Structures are given as C-alpha cells and as structure tokens.
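Protein chains in written order, with the UniProt record's numbering: chain A, 1 to 134; chain B, 1 to 134; chain C, 1 to 134; chain D, 1 to 134; chain E, 1 to 134; chain F, 1 to 134.
C-beta: ideal position from N, C-alpha, C; glycine also.
Predicted model, so just to flag it, every value in this text is computed and none were measured.
Here is the structure we will look at, set down as structure tokens.
Number of protein chains: 6
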Amino acid sequence: MATVPLLGDEEASADALAVFDEIRTLRQTDYVNNFWRSLAHDPALLRATWERLKVVMAPGALDPLIKEMIYVAVSTANGCSYCVHSHTAAATAKGMTPEMHGELLAVIGMAAQTNALVTGLQTPVDDRFQANPE
Amino acid sequence: MATVPLLGDEEASADALAVFDEIRTLRQTDYVNNFWRSLAHDPALLRATWERLKVVMAPGALDPLIKEMIYVAVSTANGCSYCVHSHTAAATAKGMTPEMHGELLAVIGMAAQTNALVTGLQTPVDDRFQANPE
Amino acid sequence: MATVPLLGDEEASADALAVFDEIRTLRQTDYVNNFWRSLAHDPALLRATWERLKVVMAPGALDPLIKEMIYVAVSTANGCSYCVHSHTAAATAKGMTPEMHGELLAVIGMAAQTNALVTGLQTPVDDRFQANPE
Amino acid sequence: MATVPLLGDEEASADALAVFDEIRTLRQTDYVNNFWRSLAHDPALLRATWERLKVVMAPGALDPLIKEMIYVAVSTANGCSYCVHSHTAAATAKGMTPEMHGELLAVIGMAAQTNALVTGLQTPVDDRFQANPE
Amino acid sequence: MATVPLLGDEEASADALAVFDEIRTLRQTDYVNNFWRSLAHDPALLRATWERLKVVMAPGALDPLIKEMIYVAVSTANGCSYCVHSHTAAATAKGMTPEMHGELLAVIGMAAQTNALVTGLQTPVDDRFQANPE
Amino acid sequence: MATVPLLGDEEASADALAVFDEIRTLRQTDYVNNFWRSLAHDPALLRATWERLKVVMAPGALDPLIKEMIYVAVSTANGCSYCVHSHTAAATAKGMTPEMHGELLAVIGMAAQTNALVTGLQTPVDDRFQANPE
Numbered sequence: 001m002a003t004v005p006l007l008g009d010e011e012a013s014a015d016a017l018a019v020f021d022e023i024r025t026l027r028q029t030d031y032v033n034n035f036w037r038s039l040a041h042d043p044a045l046l047r048a049t050w051e052r053l054k055v056v057m058a059p060g061a062l063d064p065l066i067k068e069m070i071y072v073a074v075s076t077a078n079g080c081s082y083c084v085h086s087h088t089a090a091a092t093a094k095g096m097t098p099e100m101h102g103e104l105l106a107v108i109g110m111a112a113q114t115n116a117l118v119t120g121l122q123t124p125v126d127d128r129f130q131a132n133p134e
Numbered sequence: 001m002a003t004v005p006l007l008g009d010e011e012a013s014a015d016a017l018a019v020f021d022e023i024r025t026l027r028q029t030d031y032v033n034n035f036w037r038s039l040a041h042d043p044a045l046l047r048a049t050w051e052r053l054k055v056v057m058a059p060g061a062l063d064p065l066i067k068e069m070i071y072v073a074v075s076t077a078n079g080c081s082y083c084v085h086s087h088t089a090a091a092t093a094k095g096m097t098p099e100m101h102g103e104l105l106a107v108i109g110m111a112a113q114t115n116a117l118v119t120g121l122q123t124p125v126d127d128r129f130q131a132n133p134e
Numbered sequence: 001m002a003t004v005p006l007l008g009d010e011e012a013s014a015d016a017l018a019v020f021d022e023i024r025t026l027r028q029t030d031y032v033n034n035f036w037r038s039l040a041h042d043p044a045l046l047r048a049t050w051e052r053l054k055v056v057m058a059p060g061a062l063d064p065l066i067k068e069m070i071y072v073a074v075s076t077a078n079g080c081s082y083c084v085h086s087h088t089a090a091a092t093a094k095g096m097t098p099e100m101h102g103e104l105l106a107v108i109g110m111a112a113q114t115n116a117l118v119t120g121l122q123t124p125v126d127d128r129f130q131a132n133p134e
Numbered sequence: 001m002a003t004v005p006l007l008g009d010e011e012a013s014a015d016a017l018a019v020f021d022e023i024r025t026l027r028q029t030d031y032v033n034n035f036w037r038s039l040a041h042d043p044a045l046l047r048a049t050w051e052r053l054k055v056v057m058a059p060g061a062l063d064p065l066i067k068e069m070i071y072v073a074v075s076t077a078n079g080c081s082y083c084v085h086s087h088t089a090a091a092t093a094k095g096m097t098p099e100m101h102g103e104l105l106a107v108i109g110m111a112a113q114t115n116a117l118v119t120g121l122q123t124p125v126d127d128r129f130q131a132n133p134e
Numbered sequence: 001m002a003t004v005p006l007l008g009d010e011e012a013s014a015d016a017l018a019v020f021d022e023i024r025t026l027r028q029t030d031y032v033n034n035f036w037r038s039l040a041h042d043p044a045l046l047r048a049t050w051e052r053l054k055v056v057m058a059p060g061a062l063d064p065l066i067k068e069m070i071y072v073a074v075s076t077a078n079g080c081s082y083c084v085h086s087h088t089a090a091a092t093a094k095g096m097t098p099e100m101h102g103e104l105l106a107v108i109g110m111a112a113q114t115n116a117l118v119t120g121l122q123t124p125v126d127d128r129f130q131a132n133p134e
Numbered sequence: 001m002a003t004v005p006l007l008g009d010e011e012a013s014a015d016a017l018a019v020f021d022e023i024r025t026l027r028q029t030d031y032v033n034n035f036w037r038s039l040a041h042d043p044a045l046l047r048a049t050w051e052r053l054k055v056v057m058a059p060g061a062l063d064p065l066i067k068e069m070i071y072v073a074v075s076t077a078n079g080c081s082y083c084v085h086s087h088t089a090a091a092t093a094k095g096m097t098p099e100m101h102g103e104l105l106a107v108i109g110m111a112a113q114t115n116a117l118v119t120g121l122q123t124p125v126d127d128r129f130q131a132n133p134e
C-alpha cells in the first residue's frame with residue numbers, strides 16, 4: 001500500500017537497524033512501527049527524523065502528553081490518517097482519557113470552523129494582536 | 001480588507017450588540033475584536049459561534065491554556081493568519097511563556113514534517129493503532 | 001507584493017493583450033484584474049487558464065451564481081485570500097444577497113468542523129455511501 | 001479502522017441514543033451512519049454537532065441541495081474522504097444529477113487550480129474587491 | 001470505493017473511449033488507469049483534463065522527470081493519496097532513483113516544517129523578496 | 001506583524017548570533033532574512049532548523065535549483081506566502097528562468113486541479129501503483 005516496501009529487520013541496512021534498536025530501547029518494546037520501516041530506505045533521513053523527534057517530544061516546558069495532543073491536532077488539520085492513528089495511540093498510552101480526547105476533538109473542530117469563517121470573511125488582524133504593530 | 005465591513009457598535013443590530021456585550025462581560029474588557037465585528041452581519045451565525053466557543057474553551061478535562069495552544073496548532077496547520085495572531089495572543093494572556101511558545105512551534109513544525117513524510121511514503125496504518133482492527 | 005510584476009497593457013505581449021481584450025469584451029468592463037496581469041508573463045498559461053475558466057463557469061446544469069459560491073467555498077478551504085475576495089465580489093455581482101452569503105459561510109464553517117471531527121476520529125466510510133461496494 | 005470503536009445502539013449512552021433517534025426520525029430511516037456512531041463516545045459533542053447541523057443545512061436563502069454541493073466542495077478541498085462520500089450521497093439523494101455532479105467537480109478543480117496559481121504568483125488583491133478599501 | 005463507478009471500455013461513451021485510446025497510444029500501453037475511468041462519466045471534463053495534462057507535462061524548459069517530482073510534491077502537500085501513488089510510479093518510470101526519491105521526500109518534509117514555523121511566527125515578507133516592493 | 005518581534009543583531013543571544021554569522025558566511029551576504037530573525041527567540045530551534053536546512057538543500061542526487069523549485073511547489077500548496085516569496089527569490093538566484101517559472105506554476109496548478117478531481121471522485125489506487133500490492 002506504501003510507495004516503498006516496508007523493510008523488516010533482515011532487509012534494513014546496518015545504519016537503519018541501529019535506529020530501530022534505539023527506538024526499541026527508548027520505547028521499551030520490540031515493536032518498530034511502519035513509519036520507521038518505510039523511512040528505512042533512506043537511512044540518513046531516518047536517522048535525522050528520529051534524532052529530531054526525540055528532542056522535540058522530550059519533557060520540557062510542555063508535558064509529553066500535551067505535545068502528543070498538539071501532534072494529533074496538527075495531523076488532523078493536515079489530514080494525515082497514519083499520524084492521527086499513531087499519535088492518538090501515543091497520547092492514550094501517555095494518559096489521555098476519553099474526556100480529554102473528546103475535548104481535544106471539540107477544540108480541533110471549533111478551530112477548523114472559525115478558521116474557515118475568518119478566511120471567508122477575510123477579517124483583518126487587530127493591531128493589538130501584533131507583536132510589531134506598524 | 002475584509003469581504004464585509006466591520007460593524008461598529010452603532011452599526012450592529014440589537015441581536016449582534018447583545019453578543020458584543022456578553023463578550024465584554026465575560027472577558028472583562030471593552031474591546032471587541034475584529035472577528036466578532038465581521039461576523040455581526042449575520043447575528044444568528046455570530047450568536048451560534050459565540051455560544052459554542054464559550055462551551056468548548058471553558059475549563060474541563062483540559063486546561064484553557066492547553067486549549068489555546070491546540071487552537072494555535074490547528075490555525076497554523078490551516079494557514080489562518082488572523083487565528084494564529086488572535087490565539088497566540090490569547091495563549092500568552094493565559095500564561096504561555098516564551099519557552100512554551102518555542103516548544104509549541106517545534107512540535108507543530110515536527111508534526112508538519114512527519115505528516116508530509118508519511119503522506120509521501122503512503123505508510124499503511126499499523127494494526128495496533130486501530131481501535132477496531134479488521 | 002507579487003512574485004512577478006503585474007503587467008500593464010503597454011507591457012503585455014500581443015498574445016497576452018488579446019486575452020485582456022477578450023476579458024474586457026466578455027465582462028463588459030475596461031478593468032482587467034490583477035490575476036490576469038500577473039499571469040501575463042506566461043501568455044500560454046494565461047490563454048489556457050482563461051479559455052478553461054470561460055467553459056467551466058458558463059451556465060449549464062448549475063447556475064453561474066451557484067458556481068461562484070462553490071468557488072468561494074473551495075477558495076476558503078484552500079486559504080486563498082485573493083480568490084476569496086475576487087469570487088465573493090463576483091458572486092455579489094451575480095446576485096448573492098447578504099442572507100445567502102451568511103448561509104454560505106455557515107455551511108463552509110460547518111463542513112470544516114465536521115471534516116476535522118471525522119479526520120480526528122478516522123471514521124470508516126459506510127458501505128452504502130460507496131458507488132462500488134466491495 | 002477508527003481511533004475509537006463505533007457504538008451500536010446497545011452500547012450508546014441514553015443521551016447518545018436520544019440523538020440517534022432524532023436522526024432516524026428526521027431522516028425517516030432506521031440507518032444511523034458511522035459519523036454519529038463514532039461521535040457517540042462524547043454525547044455532548046454529538047448533541048452539539050447534530051443540533052447545529054440541523055440548523056445550518058435546513059432550507060433558507062439557499063436550497064438544501066446547493067448546501068450539500070457546497071459541503072462536497074469544502075470536504076474535497078479539505079481532503080476528507082468520509083465527508084466526500086457521505087455528502088455526495090446526500091446531494092444525490094436530494095436530486096443532484098450526473099450533469100450537476102460533473103459541473104460541481106469541474107468548478108472544484110478549476111478553483112483548486114487558480115487558487116494554486118494565485119498563491120504561486122502572490123497576486124495582490126485589487127482595491128475594488130475589498131469591502132473596506134484602505 | 002469511488003463516488004462513481006469506474007467505467008470499463010465497454011461502458012464508456014464513444015467520446016470517453018477516444019480519450020482512452022489516445023492515452024494508450026501516447027503511453028504505449030494497454031492499461032488505462034483508474035483516474036481516467038472515474039472521470040469518464042463526464043467525457044468533456046475527461047477530454048479537457050487529458051488535453052491540458054499532455055501540454056503541461058511535455059518536455060519544455062523543465063524535464064518531464066522534474067515535472068513528475070514537482071507533481072509528487074504538490075500531491076503530498078495536498079494529501080492526495082491516489083496522486084502520490086500514481087506520480088511516484090510515473091517518476092520512477094521516468095528514471096527517479098531511490099536516492100532522488102529520498103531527497104525529494106527530505107525537501108518536501110523540510111518545506112512542510114518551515115512552512116509551519118513561518119505560519120506560526122507570522123513572519124513578514126522581506127522587501128527584497130518582492131517583485132513590486134511598495 | 002509577526003507573533004514575535006524580529007530580533008536585530010544587537011538583540012539576539014550569542015547562540016542566535018552564531019547562526020546568523022554562519023548564514024552570512026555560507027550565503028556570502030550581510031543580509032539575514034526575517035525568518036531567521038523571528039526564529040531567534042528560540043536559539044535551539046533556530047540552530048536545529050538551520051543545521052537541517054543546510055543538509056537537505058545541499059547538492060546531491062538532485063540539483064539545488066530543482067530543490068528550490070520543489071520547495072516553491074510545497075509552499076504554494078501549503079499556502080505559505082512568506083515561503084513562496086523567499087524560495088521563488090532563491091530559485092531565481094540559482095538560475096530559474098521566466099520560462100522555468102511559468103512551467104513550474106503550470107505543473108503546480110495542474111497537480112492542484114487533478115488532486116481535487118481525484119479527491120472529489122475518491123478514485124481507488126490502481127494495484128500496479130502500489131509497492132506492496134495486497
């Protein structure tokens with residue numbers, strides 16, 4: 001179904017396999033999900049994506065669960081079916097309750113609606129919302 | 001700049017003005033921002049949008065600040081300039097620090113990147129990410 | 001502000017000017033709007049776009065006003081500011097009333113909202129909605 | 001396939017079931033489509049979405065069939081597969097002929113094309129298209 | 001799975017069949033892919049789309065392989081699954097190597113990321129990037 | 001106009017200034033464009049974005065000019081005004097002629113149109129376009 005075959009462990013290059021192993025260690029699971037197996041055709045892209053993801057999704061000023069919910073929001077707006085599935089699963093694994101999921105969806109839907117209304121109206125930005133008013 | 005004129009208080013209908021007044025009361029400010037003034041041409045749409053926004057953005061299983069950041073994420077993915085401005089301002093007013101803003105942007109950028117990679121690869125969804133595996 | 005200069009009549013090639021003249025004749029106005037003036041750098045693309053637009057927007061099974069409102073809907077969902085402005089103006093010129101504009105925006109906003117909810121839920125398509133059920 | 005299980009009548013809460021029953025009555029069918037069954041996990045969101053949809057899609061200044069075609073246009077631009085299917089089916093049920101469907105698609109395609117051209121050219125909006133010229 | 005049945009040769013009108021035959025001749029294959037079979041319900045739209053595609057994708061200032069990769073980039077950004085599949089296949093048939101595919105995906109991902117960052121920051125366009133500085 | 005002030009050299013942190021200096025050296029210009037000045041509020045995000053951009057846009061299996069045109073294509077489809085401007089300028093600086101620009105726009109427009117038609121038709125992917133036929 002993909003535009004490239006998914007690579008199993010025995011088909012991946014040594015560089016790709018090294019990333020698979022890091023994923024297994026960090027996530028404490030044997031399972032490597034399809035995204036990484038499809039990226040494995042380009043080990044440098046696989047490595048760069050994994051390295052950056054680790055940094056971005058680590059605990060910081062925002063909690064990892066909040067980051068996963070933001071990821072779901074962006075993926076939904078971009079219409080990425082795979083990403084909605086994988087990050088909803090990740091958010092759930094990190095503690096998202098059904099109530100939180102429902103509110104997340106409600107905010108996403110509300111934002112999509114008012115985004116559309118504003119775009120249809122072409123409402124100009126209020127001066128007070130600008131960091132550098134002209 | 002808009003596709004409709006922005007309505008001042010003196011131009012708005014009684015129904016629209018009633019919504020303006022509720023916005024002022026709830027937000028404890030005299031200022032009614034341009035979105036509501038452009039929506040005021042259709043008082044029923046103005047009323048429905050305001051009523052629903054109040055419910056969706058109220059404290060619940062998710063904190064109002066988290067909801068504003070999700071709103072920024074969706075608005076960014078949808079490319080709504082007005083909405084990015086207004087909800088970044090709202091998130092800041094509710095306590096978003098520069099560090100939180102930076103991490104929010106980093107997650108949005110990361111999600112946009114992997115959304116694009118997954119779509120370019122057409123990676124199939126892993127069975128384990130589905131609520132109803134077939 | 002554009003990525004190419006807008007071409008005035010005196011700067012346009014003979015081929016581009018011929019399209020400008022057809023626009024003037026069909027629309028019974030001297031005014032040629034900026035879209036065509038920015039496209040005029042590539043007279044073949046200008047010609048192909050104009051020829052196709054004439055066919056697509058002509059009266060047929062759908063009324064030209066309905067077609068303009070559909071154009072506004074797509075342009076809003078795609079976030080094209082210029083197009084929202086120009087086709088809202090065109091729809092108004094063809095008879096769109098403020099009431100129709102308000103309902104158009106309400107449907108656009110509703111669709112954007114349920115599009116987002118469905119994508120967030122990843123709801124599978126009902127068999128009965130498919131032309132070729134498997 | 002969804003991120004939540006679809007709820008059958010026997011699994012839905014009383015509040016969700018009440019919405020299902022209203023859908024059955026208004027549409028004069030026993031069938032409740034998957035969108036509502038996936039939304040049923042959050043009865044308040046289900047209720048709010050259904051109440052608003054009824055108002056927005058009711059006959060008004062625009063005919064229900066026209067509203068369904070606008071819904072298809074937005075859903076197509078947003079890439080919502082489920083929504084394209086369900087609202088194409090709804091438009092067909094309300095009288096959309098194959099000729100109307102063909103013209104709808106032609107306008108959607110034309111708009112997508114010129115949206116892209118305008119965005120690539122970054123054409124500035126003509127003063128005359130603005131409700132509030134500066 | 002489509003919103004219209006795919007038309008086989010025996011179901012297509014004479015006008016649609018004539019386009020199928022041109023596709024076979026130009027591509028030197030008996031195979032007519034599903035896009036054309038779904039468009040065949042509207043022979044005029046089928047004809048117009050085919051005629052334009054031939055012109056746009058022909059060798060010119062840009063090589064056909066480059067054009068296919070640009071097509072993949074746009075289709076990915078627009079989230080069109082069918083189009084990503086068909087144009088990745090076409091690019092491969094025209095000589096895209098795995099290394100080129102990897103770099104194409106890396107650029108698409110990078111662009112998606114910085115598009116999102118710029119939109120989140122609402123960075124104003126530098127004067128020097130404008131063809132018509134004001 | 002941005003959601004954060006643009007930082008001049010005297011306002012940027014030492015870490016941000018170091019990136020500005022690398023940009024100046026690599027591009028052989030004193031000018032640092034607004035994107036980097038708005039990102040400078042988060043020096044780690046600035047650094048990560050710059051490091052990755054250098055790698056992705058370097059000569060490889062694809063020529064830097066081709067990469068810039070792909071960047072323009074994605075930015076156009078995503079509706080990022082700033083990015084369309086900056087990468088059209090970069091492509092022009094790297095040798096994109098007006099003829100190439102015209103063909104780039106024509107392909108972008110064609111892809112947007114057929115993306116929309118396919119999505120409206122919900123055409124299923126041909127088995128032969130899949131790397132892993134099921």
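Nonlocal neighbours in the same chain, by C-beta distance under 6 Å from residue i, ignoring five residues either side
i, result
"Ala-90 (chain B)", "Glu-68"
"Ala-20 (chain F)", "Per the sequence shown, residue 20 (chain F) should be read as Phe rather than Ala. The answer, listed in chain order, is Val-32."
"Leu-53 (chain B)", "none"
Chain-ordered neighbours of residue i on chain C, where CB pairs are closer than 9 Å
i, result
"Asp-126 (chain D)", "Tyr-31, Asn-33, Asn-34, Phe-35, Tyr-82, His-85, Ser-86, Ala-89"
Between the CA atoms of residue j and residue i - distance to the nearest angstrom
i, j, result
"Gly-79 (chain E)", "Pro-59 (chain B)", "34 Å"
"Val-84 (chain B)", "Thr-123 (chain E)", "12 Å"
"Gly-43 (chain D)", "Asp-30 (chain A)", "With the sequence shown as reference, residue 43 (chain D) is identified as Pro, and Gly is not the correct amino acid for it. Approximately 37 Å, taken between the alpha carbons."
"Leu-104 (chain C)", "Gln-113 (chain A)", "13 Å"
"Ala-93 (chain F)", "Leu-65 (chain F)", "9 Å"
"Ser-13 (chain F)", "Leu-26 (chain E)", "59 Å"
"Ala-131 (chain F)", "Val-125 (chain F)", "11 Å"
"Leu-117 (chain B)", "Arg-24 (chain C)", "45 Å"
"Gly-120 (chain D)", "Phe-129 (chain D)", "20 Å"
"Thr-97 (chain C)", "Asn-34 (chain B)", "22 Å"
"Arg-47 (chain B)", "Ala-16 (chain B)", "7 Å"
"Glu-10 (chain F)", "Ala-40 (chain F)", "12 Å"
"Val-4 (chain D)", "Ser-81 (chain E)", "23 Å"
Range of the contiguous alpha helix (DSSP H) that encloses residue i
i, result
"Met-57 (chain B)", "43-57"
"Pro-98 (chain E)", "98-121"
"Ala-18 (chain C)", "14-27"
"Leu-39 (chain D)", "34-39"
Proximal chain D residues relative to residue i, where beta-carbon distance stays under 7 Å
i, result
"Thr-3 (chain B)", "Ala-131"
"Asn-115 (chain E)", "Those do not exist, as Asn-115 (chain E) stays about 12 Å from chain D at its closest Cβ, beyond 7 Å."
Within chain C, the residues that residue i reaches when beta carbons sit closer than 7 Å
i, result
"residue 136 (chain D)", "In the structure as shown, chain D begins at 1 and stops at 134. Residue 136 (chain D) is therefore absent and cannot be evaluated."
"Ala-48 (chain E)", "Arg-52"
"Val-107 (chain D)", "Val-56, Lys-67, Ile-70, Tyr-71"
"Val-118 (chain D)", "Phe-35, Cys-80, Tyr-82, Cys-83"
Sequence-distant residues of its chain with Cβ nearer than 7 Å to residue i (five each side left out)
i, result
"Glu-134 (chain B)", "With a pLDDT of only 46 at Glu-134 (chain B), under 50, the local geometry of the prediction cannot be trusted, and no value is derived from it."
"Thr-88 (chain E)", "Val-72"
Beta-carbon proximity list for residue i, same chain, < 8 Å, skipping 5 on both sides
i, result
"Ser-75 (chain A)", "Cys-83, Val-84, His-87"
Within chain F, partners of residue i - CB distance below 9 Å
i, result
"Asp-42 (chain C)", "Pro-98, Glu-99, His-101, Gly-102, Glu-103, Leu-105, Ala-106"
Contacts of residue i in chain A (Cβ-Cβ under 7 Å)
i, result
"Ser-75 (chain B)", "Ala-111, Asn-115"
Partner residues on chain D for residue i, Cβ-Cβ distance less than 8 Å
i, result
"Gly-60 (chain C)", "Glu-99, Glu-103"
In chain order, which continuous runs of the alpha helix (DSSP H) of length 4 or greater are located wholly inside the region 64-94 of chain C? 64-77, 81-93
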